[in-house]
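Colleague:
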Amino acid sequence: MSARQRPLSPHLQVYKPQLTSVLSITHRGTGLFLSLGALVLCYWLLALAAGPDSYANAQAVIGSWPGQLLLFGWVAALYYHLANGIRHLFWDAGYGLELKTTYASGFAVVAVSIVLTVATWIIAALRMGGGA
Amino acid sequence: MSLRSPLGRARGLGSAKSGLHHWIAQRLTAIALVPLSLWFIVTLVCLIGSDHATAVERLQSPLTATLLILFIAALFHHAQLGVQVVIEDYVHGHWQKLTSLVVVKFIAVFAALASIIAVLKVSLGL
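What follows is the structure, encoded as structure tokens:
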């Protein structure tokens with residue numbers, strides 16, 4: 002049997018995007034993207050276990066510019082999902098649910114993920130540049 | 319055709335009894351992944367530019383291998399639980415939903431096991 006077709010809420014297209022809703026859907030988006038990254042980790046570990054030739058091959062794939070771009074995206078996504086995940090854990094424990102606090106923690110999550118992503122890539126670039 | 323309302327059909331059936339376990343597992347793996355993923359990024363940055371021999375040597379430390387296996391297990395478990403929720407929310411056809419849930423679970427178990435065996439092979443020097 003089917004219930005009467007009633008208007009559904011929320012109609013996403015009539016809502017103005019808010020920081021809270023954008024961060025929420027970004028958490029899901031980065032989660033899905035990171036799941037793909039987990040499969041690349043599996044590929045890299047299998048290449049490492051298969052020997053020097055396949056390892057060099059995998060390093061070349063990851064070192065190519067699309068590979069580096071994806072890697073940058075995965076690092077940024079991981080820091081974001083990590084920081085926002087901690088925000089979610091506080092909510093689960095019943096803290097920080099006031100509107101003002103959710104906005105403050107939202108901005109903090111964005112700031113922390115940008116700072117950590119940039120810092121990681123500066124260190125990575127220095128290590129690559131140093132020929133380590 | 320049933321004349322009962324959706325509410326009438328759902329009432330009294332109780333929950334599916336497995337939602338709480340999913341919720342707790344998702345949080346526990348999340349908590350475990352906080353230190354593990356930070357450790358993983360540091361390890362990766364330290365491995366930048368290293369050749370095969372250096373990477374193998376790094377994984378032969380029992381502590382590194384242990385942390386990496388823990389990271390893999392928590393990561394794939396957490397990823398599967400998360401993708402499951404997204405599928406349950408957005409995939410509406412019964413068979414499409416069931417198929418994608420099973421496929422995601424199989425991929426997660428396969429990739430996790432393959433990754434762990436790769437780490438064991440390298441770390442044990444097999």
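Taken in order, these protein sequences are the chains called P and Y. Heads up, the first sequence is in the numbering used here, so the first residue is 2 and it goes up one at a time. Heads up, the second sequence is in the numbering used here, so the first residue is 319 and it goes up one at a time. Even glycine gets a Cβ: it sits at the ideal position worked out from N, Cα and C.
I think S433 of chain Y touches L83 of chain P, with their Cβ atoms under 8 Å apart; what is that distance to the nearest whole Å?
Modeller: Within the second sequence, residue 433 of chain Y is the residue found at index 115, counting from 1. Within the first sequence, residue 83 of chain P is the residue found at index 82, counting from 1. That pair is no contact at about 20 Å.
Colleague: Here's the rule: buried if 16 or more other CB atoms are within 10 angstroms of the residue's CB, otherwise exposed. What is A133 of chain P?
Modeller: Your numbering for residue 133 of chain P matches position 132 in the first sequence. With a pLDDT of 43 at A133 of chain P, under the threshold of 50, the predicted position of this residue should be treated as unreliable, and no value is reported.
Colleague: Looking at the secondary structure, which residues open and close the alpha helix (DSSP H) in which D407 of chain Y lies?
Modeller: Locating residue 407 of chain Y in the second sequence gives position 89, counting from the first residue. Per DSSP, D407 of chain Y belongs to the alpha helix (DSSP H) from P380 to Y408.
Colleague: Hey, how far is the Cα of I123 of chain P from the Cα of L117 of chain P?
Modeller: For the purposes of this step, residue 123 of chain P is taken as the residue at position 122 of the first sequence. For the purposes of this step, residue 117 of chain P is taken as the residue at position 116 of the first sequence. Whole-angstrom Cα-Cα distance: 10 Å.
Colleague: How would you write the range of the alpha helix (DSSP H) that P324 of chain Y sits in, first residue to last?
Modeller: For this step, residue 324 of chain Y is matched to residue 6 along the second sequence. Start and end: P324 to A328.
Colleague: Which residue comes first and which comes last in the alpha helix (DSSP H) that contains K439 of chain Y?
Modeller: Taking the second sequence and counting its residues from 1, one reaches residue 439 of chain Y at position 121. K439 of chain Y -> alpha helix (DSSP H) spans H412 to S441.
Colleague: Between the stretch 26-55 of chain P and chain Y, which residues of the former have CB atoms less than 8 Å from a CB of the latter, in chain order?
Modeller: So the close ones are R29, G32, L33, L35, S36, A39, L40, L42, C43, L46, L47, L49, A50, G52 and P53.
Colleague: Quick check on A94 of chain P: buried or exposed, where buried means 16 or more other Cβ atoms within 10 Å of its Cβ?
Modeller: Reading the first sequence from its first residue, position 93 is the one you call residue 94 of chain P. Its Cβ having fewer than 16 others within 10 Å, A94 of chain P is exposed.
Colleague: Between V41 of chain P and the rest of its own chain, which residues show a CB-CB distance below 7 Å, the 5 nearest in sequence each way excluded?
Modeller: As a working mapping, residue 41 of chain P is identified with position 40 in the first sequence. No residues qualify anywhere along the chain.
Colleague: Could one say the Cβ of G132 of chain P lies closer than 9 Å to chain Y's Cβ atoms, at least one of them?
Modeller: Counted from its first residue, the first sequence places residue 132 of chain P at position 131. Since pLDDT at G132 of chain P reaches only 47, below the 50 mark, its modelled position is unreliable, and no value is offered.
Colleague: Counting along the chain, where does the alpha helix (DSSP H) carrying E375 of chain Y start and finish?
Modeller: The residue given as residue 375 of chain Y occupies position 57 in the second sequence. Segment H370 to L377, the alpha helix (DSSP H) holding E375 of chain Y.
Colleague: Determine the direct distance from the alpha carbon of R29 of chain P to that of D369 of chain Y, and round the result to whole angstroms.
Modeller: Working through the second sequence from its first residue, we reach residue 369 of chain Y at position 51. Working through the first sequence from its first residue, we reach residue 29 of chain P at position 28. Taking the straight line from one Cα to the other gives about 35 Å.
Colleague: In chain order, what residues of the same chain lie with their CB nearer than 8 Å to the CB of T21 of chain P, ignoring the 5 residues before and after it?
Modeller: Mapped onto the first sequence, residue 21 of chain P falls at position 20. Taken in chain order, the residues that qualify are T103, Y104 and G107.
Colleague: Could you please give the first and the last residue of the uninterrupted alpha helix (DSSP H) stretch that includes S114 of chain P?
Modeller: Stepping through the first sequence from its first residue, residue 114 of chain P is reached at position 113. Start and end: L100 to G130.
Colleague: Whose CA, out of Y:K423, Y:L444, Y:W341 and Y:W413, lies closest to the CA of L90 of chain P?
Modeller: Residue 90 of chain P sits at position 89 when you count from the first residue of the first sequence. Of Y:K423, Y:L444, Y:W341 and Y:W413, the residue nearest in Cα terms is Y:W341.
Colleague: How would you write the range of the alpha helix (DSSP H) that Y44 of chain P sits in, first residue to last?
Modeller: The residue you call residue 44 of chain P lines up with position 43 of the first sequence. From DSSP, the alpha helix (DSSP H) with Y44 of chain P extends over L20 to A51.
Colleague: Please state whether DSSP places A94 of chain P in a helix, a strand or coil.
Modeller: Sequence index remark: in the first sequence, residue 94 of chain P carries index 93 (1-based). Note: A94 of chain P maps to coil in three-state DSSP.
Colleague: Using a Cβ distance threshold of 8 Å, determine whether the stretch 420-431 of chain Y contacts the stretch 53-72 of chain P, with at least three qualifying pairs required.
Modeller: Touching, no, given that fewer than three Cβ pairs across the two stretches are closer than 8 Å.
Colleague: Y81 of chain P and T31 of chain P: beta carbons closer than 9 Å?
Modeller: Here residue 81 of chain P refers to the residue found at position 80 of the first sequence. Here residue 31 of chain P refers to the residue found at position 30 of the first sequence. A contact, by the Cβ cut-off of 9 Å.
Colleague: Shortest alpha-carbon distance to Y72 of chain P belongs to which of Y:V363, Y:Q414, Y:L416 and Y:A371?
Modeller: For this step, residue 72 of chain P is matched to residue 71 along the first sequence. Note that residue 72 of chain P is Leu in the sequence shown here, rather than Tyr. Closest option to L72 of chain P, Cα to Cα, is Y:V363.
Colleague: Alpha carbon to alpha carbon, how far is A109 of chain P from L35 of chain P? Give it in angstroms, no decimals.
Modeller: Here residue 35 of chain P is taken as the residue at index 34 of the first sequence, counted from 1. Here residue 109 of chain P is taken as the residue at index 108 of the first sequence, counted from 1. Those two C-alpha atoms are separated by around 21 Å.
Colleague: For F389 of chain Y versus L438 of chain Y, is the C-beta distance shorter than 9 Å?
Modeller: Mapped onto the second sequence, residue 389 of chain Y falls at position 71. Mapped onto the second sequence, residue 438 of chain Y falls at position 120. No. Outside cutoff.
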